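S.K.: My questions will all concern the structure given below.
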Amino acid sequence: MMERKADLKTVKAFWDLMSQHFPELYVDLSLFNTLFNSAGDSQPFKEAVREKVPITQAYEKTLELMDEYYKGMDILWRPSLAYFEENPEALVSMLWVDDFNLENSLGLTPLFYVRAGSCPCKFQAYLKLQEPVPLKKADSFQRVLVEFAGGGGNGFYFEHKRIAGLANGRYGDDPLVVFFGPFEKGVVDPKWLEELTLVFWDSAFRRNKEGDMKKKLERFLPLLEELESLLPFLKRLKRDSEDY
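The working numbering numbers the first residue of the sequence shown as 1 and each following residue consecutively.
The following block contains the structure:
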């Protein structure tokens with residue numbers, strides 16, 4: 001078997017960019033056995049083998065896992081679940097959207113994005129908030145952004161993500177992940193996102209309410225049809241009563 005490729009200069013550039021824009025972030029590194037998973041319906045993994053890593057140390061911690069990587073394990077990262085469980089009031093400035101639509105209806109441009117090889121629509125995009133916000137608020141922002149600019153999924157903040165410069169065994173040719181940016185317009189005002197979130201959930205509530213009303217009407221429809229069939233009889237009954 002040929003040794004897997006890696007571009008460590010790109011790996012370092014990726015983590016340097018992350019450290020520059022999101023210095024408050026702590027991350028977990030996990031190992032996923034996607035390349036040699038013959039079953040195709042499961043992904044054996046070792047979760048958080050490096051835990052609560054300051055973003056400035058992420059490159060060095062990634063290097064510690066390269067032996068596993070060359071054996072076929074993908075190295076993926078996520079915001080540190082353990083760190084944020086211990087520090088629920090911690091502030092974050094990073095947002096990310098999976099399968100980001102570059103021609104989205106909001107006109108959003110990412111700060112930068114990564115792509116697995118030449119896969120045309122598999123962009124993981126990163127955006128930066130003008131001011132850090134509590135994690136719960138960032139998570140709610142993200143879930144709304146997925147609806148407007150993403151390709152599905154629930155936008156969960158702690159999902160694992162790819163590292164630029166390393167291959168990704170999820171795809172058949174095990175391509176290197178590349179990244180693009182940074183771009184000037186990838187910074188977002190959290191006040192605007194808060195307004196967008198309120199509008200979205202108000203609209204969702206209205207749609208849900210209308211859906212409930214429709215279901216109720218559908219339940220009464222057979223009764224309405226039966227009453228309609230009785231209408232001629234009821235009219236005759238009323239007329240006979242008046243004659244009498």
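Glycine included, every Cβ here is placed at the ideal spot set by N, Cα and C.
Just so it is clear, the structure is predicted and the values come from calculations on it, not from any experiment.
1. I'd like the span of the beta strand (DSSP E) that includes ARG50, first residue to last.
2. DSSP has ALA6 in a bridge; who is on the other side?
3. State the Cα-Cα distance for the pair LEU166 and LYS136, rounded to the nearest angstrom.
4. State yes or no: is the C-beta of PHE141 within less than 9 Å of the C-beta of PRO190?
5. Any idea what DSSP makes of PHE84, helix, strand or coil?
6. Alpha carbon to alpha carbon, how far is ALA6 from GLN124?
7. Do SER30 and PHE264 come within 9 Å of each other at the CB atom, strictly closer than that value?
8. Using only alpha-carbon positions, find the residue among GLN20, TYR113 and LYS161 that is nearest to PHE77.
9. If you draw a straight line from the alpha carbon of ARG4 to that of TYR70, how long is it in whole angstroms?
10. Using only the alpha-carbon positions, how far apart do VAL199 and SER105 sit?
11. Who are the Cβ neighbours of PHE148 in its own chain at under 7 Å, not counting the five residues just before and after it?
12. Using CA atoms only, rank isn't needed, just tell me which of VAL146, MET94, VAL187 and TYR26 is closest to ASN87.
13. Which partner residues does ARG78 have in the DSSP bridge list?
14. Would the beta-carbon of THR143 fall within 9 Å of that of PHE156?
M.R.: The short version:
1. As a first step, residue 50 is located in the sequence shown; it is residue number 50 there, counting from the start. Taken as a continuous stretch (DSSP letters only), the beta strand (DSSP E) holding ARG50 covers 45-54.
2. Start at 1 with the first residue of the sequence shown, and residue 6 comes out as number 6. DSSP lists LEU166 as partners of ALA6.
3. Position 166 of the sequence shown, counted from the first residue, corresponds to residue 166. Position 136 of the sequence shown, counted from the first residue, corresponds to residue 136. Cα to Cα, LEU166 sits roughly 30 Å from LYS136.
4. Position 141 of the sequence shown, counted from the first residue, corresponds to residue 141. Position 190 of the sequence shown, counted from the first residue, corresponds to residue 190. In this structure, PRO190 lies closer than 9 Å to PHE141 by Cβ.
5. Numbered from its first residue, the sequence shown carries residue 84 at position 84. DSSP places PHE84 in helix when its eight states are reduced to three.
6. Walking along the sequence shown from the start, residue 6 turns up at place 6. Walking along the sequence shown from the start, residue 124 turns up at place 124. Their backbone Cα atoms lie some 19 Å apart in a straight line.
7. Beyond the ends of the chain as shown, which are 1 and 244, falls residue 264; an answer cannot be given.
8. Here residue 77 is taken as the residue at index 77 of the sequence shown, counted from 1. Inspection of the sequence shows that residue 77 is occupied by Trp rather than by Phe. Nearest of GLN20, TYR113 and LYS161 to TRP77, Cα basis: LYS161.
9. The residue given as residue 4 occupies position 4 in the sequence shown. The residue given as residue 70 occupies position 70 in the sequence shown. Roughly 6 Å between the two C-alpha positions.
10. In the sequence shown, counting from the first residue as 1, residue 199 sits at position 199. In the sequence shown, counting from the first residue as 1, residue 105 sits at position 105. Roughly 15 Å between the two C-alpha positions.
11. The residue given as residue 148 occupies position 148 in the sequence shown. Correct list, in chain order: ASN104, SER105 and LEU106.
12. Taking the sequence shown and counting its residues from 1, the one referred to as residue 87 is at position 87. Ranking VAL146, MET94, VAL187 and TYR26 by Cα distance to ASN87 puts TYR26 first.
13. Locating residue 78 in the sequence shown gives position 78, where the first residue counts as 1. Note: ARG78 sits in a beta bridge opposite ASP28.
14. What you label residue 143 is simply residue 143 of the sequence shown in a count that begins at 1. What you label residue 156 is simply residue 156 of the sequence shown in a count that begins at 1. One detail in the question is off: residue 143 reads as Arg in this sequence, not Thr. In contact: ARG143 and PHE156 (Cβ atoms closer than 9 Å).
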